[in-house]
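Engineer: If you scroll down you'll find the structure; I have some questions about it.
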Amino acid sequence: MVTASRAWVCIRLLTYENEAEYKYMEKLLGVRQGTLPNTVFCMLSPDGKTQLTRPARTPAFFRTPQNMAVQMQRLAARYQPAVQPSFVAPIPVVDRVDLAMNVAASDNRPLVVLYHPEASELVKMLEMNKKLAWQPAIVGQFIYAATTGQEELKPIVGQKGQAGLYVVEPDEYGVSGKVTQFVKAERVYETALTALRQGLAEFQPFQKNHQQHIQNGYVFGIEWETVVPESDPMSVQAKQRYKARFESRP
Amino acid sequence: MPHFLRVSLMLATVMLAGYSTTIAEENPPQRIVWHANLEKGLALAKQINRPVFLVSGAPACLGVPGVW
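Top to bottom, those sequences are chains A and B. Offset between the first sequence (1-based) and the working numbering: plus 87. Offset between the second sequence (1-based) and the working numbering: plus 172.
Here it is as structure tokens:
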């Protein structure tokens, strides 16, 4: 499926973190306002208008990942790439650093944060580094964030507010992370690849147990506040039940 | 297992395609590249004429972050 995905633009939205995207998904899935489930799946034509599969909560109708990959290859073959093979797509950044940290923890991947207080310099850094992000050894291995706001770096332990590229290892819950590699902005072009390679080599994913992770999250009082209130009825009810059970414990 | 967990796990399988629970990262498996912004992702697809594989998920389960 990963190989098949390379012929697609894969977009993974964060269900409750952007109001406009939430509304788009409500419309796509055809659900009542304020009732969007926490997962959505659909395949679309390059213009984003024609649905190549029916929108659903999951791609379960493909039955197996193998079948899904075959169908993805078949569907992608309908469209000829409109750019030269030398085209390099932008770095796929998550909109906020705290959110990117959470996504990185959820994916069990290291995070790369590009920071510069000057917007034009940050754009330059992103542009200079985009080739790196798509190199075979690097592609898909990191979650990325970019910011001009120094306050966004607060959850990163070991950063000194300097402009540059940070490779960060998120904690188990993605509420903080530690710097494992740092490259100053002026040296990013020459040494970022080495930092990324090193950061990747050093990275040790957590061995997570889903139930234990949630239980410990409650014990530690770690709770995630979404931008849009969670609206999946089953998930909301399960959360209420779990919370009540947890709080009634002696 | 509650239904919502089953559904979330199914989507997580797609999201974490290629992920394994190995400790060493010497040879990390290939992974899907996810664009995380609808507007930018759709604009890119249009520009390069590639179809769109769209998923959405919440990086928190029962309010606890760090898992899909």
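No residue lacks a Cβ here, since even glycine has one placed at the ideal position from N, Cα and C. Since we're looking at a predicted model, the values are computed, not measured.
Determine, using beta carbons only, whether A/H203 and B/V239 come nearer to each other than 7 Å.
Structural biologist: no
Engineer: Beta carbon of B/V224, beta carbon of B/A215: below 7 Å?
Structural biologist: In this structure, B/V224 sits away from B/A215, with a CB-CB distance that is not shorter than 7 Å.
Engineer: Can at least three beta-carbon pairs, one atom from the stretch 235–248 of chain A and one from the stretch 213–225 of chain A, be found at a separation below 8 Å?
Structural biologist: no
Engineer: Which residue wins for smallest C-alpha separation from A/V118, given the options A/A143, A/S173, A/Q160?
Structural biologist: Looking at the Cα atoms, A/A143 is the closest of the given residues.
Engineer: For A/L252 and A/S322, I'd like the C-alpha separation in whole angstroms.
Structural biologist: 37 Å
Engineer: Establish whether the CB of B/L199 and some CB of chain A are separated by less than 7 Å.
Structural biologist: One detail in the question is off: residue 199 of chain B reads as Asn in this sequence, not Leu. Chain A contact via Cβ: absent.
Engineer: At what residues does the beta strand (DSSP E) containing A/M130 begin and finish?
Structural biologist: Here the beta strand (DSSP E) through A/M130 covers 127–131.
Engineer: Starting from A/K211, trace the alpha helix (DSSP H) in both directions and tell me its first and last residue.
Structural biologist: Segment 206–220, the alpha helix (DSSP H) holding A/K211.
Engineer: Which class does A/L252 belong to by DSSP, given the choice of helix, strand or coil?
Structural biologist: strand
Engineer: Distance, Cα to Cα, A/L116 vs A/Y103?
Structural biologist: 15 Å
Engineer: Give the residues of chain B in contact with A/G304, contact being defined as C-beta atoms less than 7 Å apart.
Structural biologist: V236
Engineer: Would you say A/S92 faces chain B, with C-beta separation under 7 Å as the test?
Structural biologist: yes
Engineer: Please list the partners that A/T234 has in chain B, where partner means a Cβ-to-Cβ separation under 7 Å.
Structural biologist: Result: empty, since nearest Cβ-Cβ is about 14 Å, beyond 7 Å.
Engineer: Examine chain B for any beta-carbon lying closer than 7 Å to the beta-carbon of A/R99, and answer yes or no.
Structural biologist: yes
Engineer: Any C-beta of chain B within less than 8 Å: which residues of the stretch 319–331 of chain A qualify?
Structural biologist: D319, M321, S322, A325, K326, Y329, K330
Engineer: Is there contact here, the stretch 123–140 of chain A with the stretch 94–102 of chain A, by at least three beta-carbon pairs under 8 Å?
Structural biologist: yes
Engineer: Can you check which of these residues, A/A156, A/Q327, A/I178, A/E273, is closest to B/N209 by C-alpha distance?
Structural biologist: Comparing Cα positions, the closest option is A/I178.
Engineer: Can you pull out the residues from the stretch 164–177 of chain A whose beta carbon lies closer than 8 Å to at least one beta carbon of chain B?
Structural biologist: R165, Y166, Q167, P168, A169, V170, F174, A176, P177
Engineer: For chain B, find out if any of its Cβ atoms is closer than 7 Å to the Cβ of A/I301; answer yes or no.
Structural biologist: yes
Engineer: So which residues on chain B does A/G227 lean against when the C-beta distance must stay under 7 Å?
Structural biologist: Q202, R203, I204, V205
Engineer: Starting from the beta carbon of A/S193, find every residue of chain B whose beta carbon is closer than 7 Å, and list them in chain order.
Structural biologist: P231, G238, V239, W240
Engineer: Is the stretch 193–202 of chain A in contact with the stretch 161–172 of chain A, if contact means three or more CB pairs nearer than 8 Å?
Structural biologist: No contact exists between the stretch 193–202 of chain A and the stretch 161–172 of chain A.
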